[in-house]
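Asker: With our numbering as the guide, the letters of the sequence shown map in order to residues 161 to 1112. All C-beta atoms in this analysis are idealised placements derived from N, C-alpha and C, irrespective of residue type, glycine included. None of these values were measured; they are calculated from a predicted model.
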Amino acid sequence: MLQLFQFLARGTGLAQALGALAVACAVPAAQAQSITAAPLAAVAPAAIPVDHPGALALLALALGACLVRGVQKGRISLVGLRAWAMGGAVVMTAATAVWGERVQAQIQELQEAFNQAAGETLTVPVQTTAVGADGAPQGFLPVVYRNQTSLRLKITGITDPVWNTCFPLGVPGTIPTTAARPGSACAVGATLEAGGSCWVDVAQLCANAAAAAHGSHPSVLAPDSVQVDTAGQRTGNVLSNDSDADGVLVVASFTYEGQTVAAGSSRNVAGRGTFALQADGSFTFQADANYSGGHPLGIGYTVQTGASSTLSVFVNRVPVAGNDTATTDADTSVTIAVRGNDSDADGDSLTVSGITQGAHGSVVVDAVTGNPVYTPNANFTGSDSFTYTIGDGRGGSATASVSVTVAAAPSGNQPPVSVSDAIVVAEGAVATVLASGATSVLANDTDPDGNPLVAVLVTGPANGALTLSGNGTFTYIHNGSETVSDSFAYRASDGLALGNIVTVSITVTSVNDAPVAVADQWMVATDIPRSIGFATLLANDTDADGDSLTITLAHSPINGSLASQAGGVLFTPAAGYEGPASFLYDVSDGRGGTSIGTVNLSVGAASASSVVVLKSLLGIAHGTGGTSVRFPITTKLVDTDGSETLSIRISGLPTNLSFNAGTNLGGGVWQFTEADLPNLILNLPGSYTTNATNLTVQVTATEVSGGFTASTSTVVTLKASYTTVDITTTESGNHTGNSANEYITGGNGANTINAGSGNNIVFGGAGDDNLSADSGSDVLMGGSGNDTLNAGSGTDRLIGGSGDDLLIGGDAGENFVDVFVWLLGDQGAAGTPALDRIQNFSTAAAGTNGAGGDVLDLRDLLQGESAGPSNAAGNLANYLHFEITGGDTWVHVSHTGGFGADSHAVGASYSASAETQQIILEGVNLQTLYSGAATDQQIITQLLNNSKLIVD
161 MLQLFQFLAR GTGLAQALGA LAVACAVPAA QAQSITAAPL AAVAPAAIPV DHPGALALLA
221 LALGACLVRG VQKGRISLVG LRAWAMGGAV VMTAATAVWG ERVQAQIQEL QEAFNQAAGE
281 TLTVPVQTTA VGADGAPQGF LPVVYRNQTS LRLKITGITD PVWNTCFPLG VPGTIPTTAA
341 RPGSACAVGA TLEAGGSCWV DVAQLCANAA AAAHGSHPSV LAPDSVQVDT AGQRTGNVLS
401 NDSDADGVLV VASFTYEGQT VAAGSSRNVA GRGTFALQAD GSFTFQADAN YSGGHPLGIG
461 YTVQTGASST LSVFVNRVPV AGNDTATTDA DTSVTIAVRG NDSDADGDSL TVSGITQGAH
521 GSVVVDAVTG NPVYTPNANF TGSDSFTYTI GDGRGGSATA SVSVTVAAAP SGNQPPVSVS
581 DAIVVAEGAV ATVLASGATS VLANDTDPDG NPLVAVLVTG PANGALTLSG NGTFTYIHNG
641 SETVSDSFAY RASDGLALGN IVTVSITVTS VNDAPVAVAD QWMVATDIPR SIGFATLLAN
701 DTDADGDSLT ITLAHSPING SLASQAGGVL FTPAAGYEGP ASFLYDVSDG RGGTSIGTVN
761 LSVGAASASS VVVLKSLLGI AHGTGGTSVR FPITTKLVDT DGSETLSIRI SGLPTNLSFN
821 AGTNLGGGVW QFTEADLPNL ILNLPGSYTT NATNLTVQVT ATEVSGGFTA STSTVVTLKA
881 SYTTVDITTT ESGNHTGNSA NEYITGGNGA NTINAGSGNN IVFGGAGDDN LSADSGSDVL
941 MGGSGNDTLN AGSGTDRLIG GSGDDLLIGG DAGENFVDVF VWLLGDQGAA GTPALDRIQN
1001 FSTAAAGTNG AGGDVLDLRD LLQGESAGPS NAAGNLANYL HFEITGGDTW VHVSHTGGFG
1061 ADSHAVGASY SASAETQQII LEGVNLQTLY SGAATDQQII TQLLNNSKLI VD
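(1) Please state whether DSSP places residue 438 in a helix, a strand or coil.
(2) Based on the DSSP output, what are the partners of residue 624 in its beta bridges?
(3) In or out: residue 426 buried (at least 16 other Cβ within 10 Å) or exposed?
(4) Spell out the partners DSSP gives residue 591 in its beta bridges.
(5) Taking contact to mean at least 3 C-beta pairs separated by less than 8 Å, is the region 929-942 in contact with the region 952-971?
(6) Could you tell me the alpha carbon to alpha carbon distance between residue 421 and residue 373, rounded to whole angstroms?
(7) Please name the residue in 309, 1110 and 758 whose C-alpha comes closest to that of residue 697.
(8) How should residue 428 be labelled, buried or exposed, when 16 other C-beta atoms within 10 angstroms of its C-beta is the threshold for buried?
(9) Scan the region 881-928 and note each continuous beta strand (DSSP E) run of 3 residues or more that stays entirely inside, going in chain order.
(10) By Cβ distance below 8 Å, which residues in the same chain neighbour residue 619 in space, the five residues on each side in sequence not counted?
(11) When the distance is taken between beta carbons, is residue 664 closer than 8 Å to residue 749?
(12) Tell me the rounded alpha-carbon separation between residue 267 and residue 300.
(13) Enumerate, from N- to C-terminal direction, the unbroken beta strand (DSSP E) stretches of 3 or more residues contained entirely within the region 993-1044.
(14) Report yes if the C-beta distance between residue 1120 and residue 312 is below 8 Å; otherwise report no.
(15) Rounded to whole angstroms, what's the CA-CA distance from residue 314 to residue 197? Just pull it up for me.
(16) When the Cα of residue 927 is compared with those of 958, 376, 893 and 901, which residue comes out closest?
(17) Near residue 725, what residues of its chain come up, given a Cβ to Cβ distance below 8 Å and the 5 sequence neighbours on each side ignored?
(18) Along the chain, which unbroken stretches of the beta strand (DSSP E) at least 3 residues long are found entirely within the region 501-561?
(19) For residue 824, write down the residues that DSSP places opposite it in a beta bridge.
(20) By the DSSP assignment, the alpha helix (DSSP H) with residue 1105 in it spans what residues?
(21) With C-beta atoms as the reference, is residue 780 less than 8 Å away from residue 881?
(22) Based on DSSP bridge pairs, tell me the residues matched to residue 199.
(23) Can you tell me where the alpha helix (DSSP H) holding residue 982 begins and where it ends?
(24) Assign residue 168 to one of three DSSP states: helix, strand, or coil.
(25) Starting from the Cα of residue 960, find the closest Cα among 612, 339, 981 and 1068 and give me that residue.
(26) From this set, 543, 754 and 521, which residue's C-alpha is nearest residue 533's C-alpha?
(27) Using only the alpha-carbon positions, how far apart do residue 879 and residue 323 sit?
(28) What residue range does the beta strand (DSSP E) around residue 584 cover?
(29) Could you have a look at residue 1072 and say whether DSSP puts it in helix, strand or coil?
(30) Exposed or buried, residue 464, counting other C-beta atoms within 10 Å across all chains shown (16 or more means buried)?
(31) Counting Cβ pairs, one atom from each stretch, are 3 or more of them under 8 Å apart for the region 676-690 and the region 634-653?
(32) So for residue 346, helix, strand or coil by DSSP?
(33) Between which two residues does the beta strand (DSSP E) containing residue 478 stretch?
(34) For residue 1105, collect the residues of the same chain with a Cβ closer than 7 Å to its Cβ; drop the 5 residues on either side in sequence, then sort them by chain order.
(35) When burial is assigned at 16 or more other CB atoms within 10 Å of the CB, is residue 1041 buried or exposed?
(36) Nearest to residue 744 by alpha carbon, out of 722, 976, 384 and 782?
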């Protein structure tokens, strides 16, 4: 804002008046996005008119904003405010009267200026026009940049903001746009005359930031839920189950009860608790002790990509347990219904989850009623107590105490006398009768006073289940384990006193257990018999009794046949069959126990896939900042029935080099899927050089049903360097390089540039240019115009650009690969194709970097093309048609695949109205070279087989 005042003051004579307001309103800028201008040739200075409507309009806008800030800071009184307001009204009225809509238009944009003739970088302010109820921007003010220097300036860079500069609450579903306005848009490469201006579409910069935040993959967010007790605290991370293939997710904002808050904030939710959510997804919720409100508490959150999800907080109100009292007689148990005075505000069912023992008695939880049963120690009378804990099944619990008064038993009563018993039961069987033949454990127990007796269980069995009734009858079920004994204890009660504790011993007689045969898994190659030993099949089979197992018969084969052989069987799959197969085998333990096992077999085979790569990769960086190189790999499964999968592995990668996709396995090895290949890029670090680094590409086809594999390998040679000198020619200048590595940029006219013997990057720019290089590896880019590119010796990359160009390969007979590249946009219009000619095109197979065979790279130009399995032409004949004329090969190109209705015979008529590019290979007859190929498909397949054509 301070710079705005200074700009308005220049030429308006208001500097003194605005000085005080500048002190009141100065606010530091926080944006990181910028625009950079550099000087060009000087011209006569242009005066900036004092009566420019923008000055007065921006003055009025600034006055209003700054007066409010001045009052807030106490730097302007209310009396002074009224005076300033009257003056501001006069200014706006005058402005509207003189310039009308021009002034109002100025208020809808921001004004900035370049003041440094040597060039400068200015911040691009991001200011919203309005904000919606959800906090999302409704629009952004464009920014006009005026050249207030005496020189012509060139816009050399415009950087985008980060997403939260534009959208602090996350990228919204609808991105604001700005309608086109008068004047030129600021663009990299644009020229600003002295006094001229251009405007920056801030809405588009913010849209770019939104696109960068969105990435190329959708964010996958899953809802979260947590539970916490009243007055308790719960922490977690909402992003722990969320993901985005493009990178790390960041929480931008969260919402609760209709309010949206930026991440990093803490908010009190009335009657619920305090919630805080950080940008990294971590959250804390502190529940109020007297929690009220609905269940659950819903929190919504939004990440930077605009995707959103929810966090549901369930607050469990813990139960309330009340103390209890009970009374019993000496030597008499009592069951206490402790939950009768307990409560739970959520209506949860309560259970006794824990007990403590009394000082003078024991406590157990009755399995039927769920209540504690207190049994006083023998002959004890007096007071005792224990505690119990109730649970609500959702983590909430409470503890209370039980006070027990044990009264003396009626005088004259004597406790009963119990006698031990025995049971005999078979392994895994049920017993209801004692070894003596009695059906009740009380049958041999007595009471001196002749009172009736009740059986009271003390401890249960370890190896079975027991039901003991009060009359002493029982049901014991052995659990079938290889145990030989068990027991339980009980005592008799006459209702007045408990008798002695006795043991019922249980003898378990063993029975023969059948063996257990576990299924086996085998892989068998198609049409190849497989020997399978019985010992191997029995290795995972078991017998509970430890008996030795044997296989008595193998039978019932499916999708194959069986033949006996010593110690096993021979399985032969059905002829030509791929898929699941099986057979059965019988197992015996030698004591009458048998079982049937299954052998599951996966029958199949894998076919090696085809692969085409650019055998010579060239990466030359502009300076020491590093660069990236596209890594084209074309591979197809031969078996297309869906039974095979494809994986790609690249090994030999030096340290500090990386790919933009795939998985780094370590040790210079990366692994990829087919989905990673279309845009695979190799990233080279700064100042990286290599003359010949070999990278091995291995493509593996895997048969899903059996895991069979087949692989194909090839080698790619990487050459990398970087430029150390920057050269820019004059408008139509010439330049001759030397042995240095140069980055050379031609002017907009016709340039003649010889790059010398270094590793160079040459860009001709507009105009009809003549670009050449000597030895070394070079990247030559013609740009627009009709250009001549001469690669010289070495491994070179030639990009003619738009227009009709002459591309000359390396010196005839050299042993290095040259790559001729066409990019999308280089072509002409349909029916009026661009025409490029190639001389010195080496026809040798481009098998290695030193093979000398040149390559046509059409990967970027062709849209929607695809090679077929085994390097078949796929749909490429819809894009490429070949004609032999006067010993030259004409390659007719429809970059959108418009030749689909043609016959595809070499030299036949074709759909010329769909043609957008012509390529002439001078002195090359591909039909003769490839043994009289008669169709476009045959030539394409030969080019793919010899690594001379790069496509998707």
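Answerer: So, to answer that:
(1) Residue state for residue 438 is assigned as coil, using DSSP reduced to three classes.
(2) According to DSSP, residue 624 bridges with 638.
(3) Exposed.
(4) The beta-bridge partner set that DSSP reports for residue 591 consists of 636.
(5) Touching, yes.
(6) A direct Cα-to-Cα measurement between residue 421 and residue 373 gives close to 20 Å.
(7) If you compare the alpha carbons of 309, 1110 and 758 with that of residue 697, the shortest gap goes to 758.
(8) By the 10 Å Cβ count, residue 428 comes out exposed.
(9) For the region 881-928, whole beta strand (DSSP E) runs of length 3 or above, ordered along the chain, are 885-888, 894-896, 902-905, 912-914 and 921-923.
(10) Within the same chain, 648 and 649 come within 8 Å of residue 619 by CB-CB distance, once the 5 residues on both sides are set aside.
(11) The criterion of a C-beta distance shorter than 8 Å is not satisfied by residue 749 and residue 664.
(12) Note on residue 267: pLDDT 49, under 50, position unreliable in the model; the coordinate value appears next. Going by the C-alpha atoms only, they are around 13 Å apart.
(13) 994-999 and 1015-1017, all fully within the region 993-1044.
(14) Residue 1120 lies beyond the range of the chain shown here (161 to 1112); nothing can be said about it.
(15) Here the C-alpha atom of residue 314 lies approximately 5 Å from the C-alpha atom of residue 197.
(16) The option with the nearest alpha carbon to residue 927 is 893.
(17) Within its own chain, the residues whose Cβ lies closer than 8 Å to the Cβ of residue 725, once the five positions on either side in sequence are excluded, are 691, listed in chain order.
(18) Whole beta strand (DSSP E) segments, 3+ residues: 511-515, 521-525, 532-536 and 542-551.
(19) DSSP, once it has assigned bridges, lists 830 as partnering residue 824.
(20) Looking at the DSSP string, the run of the alpha helix (DSSP H) that includes residue 1105 is 1096-1105.
(21) In this structure, residue 780 sits near residue 881, with a CB-CB distance shorter than 8 Å.
(22) Paired residues: 313.
(23) For residue 982, no alpha helix (DSSP H) encloses it, and the DSSP letter there is neither H nor E.
(24) Note on residue 168: pLDDT 32, under 50, position unreliable in the model; no value is reported.
(25) Considering only alpha carbons, the answer is 981.
(26) If you compare the alpha carbons of 543, 754 and 521 with that of residue 533, the shortest gap goes to 521.
(27) Between the C-alpha atoms of residue 879 and residue 323 there is a straight-line separation of about 37 Å.
(28) For residue 584, the enclosing beta strand (DSSP E) begins and ends at 581-586.
(29) Of the three classes helix, strand and coil, the one that applies to residue 1072 here is helix, per DSSP.
(30) Flag for residue 464 reads buried.
(31) Between the region 676-690 and the region 634-653 there are fewer than three inter-stretch CB-CB distances shorter than 8 Å, so the stretches are not counted as touching.
(32) The answer is coil: DSSP assigns residue 346 none of H, G, I, E or B.
(33) For residue 478, no beta strand (DSSP E) segment is defined, and its DSSP state is neither H nor E.
(34) Counting only residues of its own chain and dropping the five nearest sequence neighbours on each side, residue 1105 has a CB closer than 7 Å to the CB of 1031.
(35) Label assigned to residue 1041: buried.
(36) Residue 722 is the option with its Cα nearest to residue 744.
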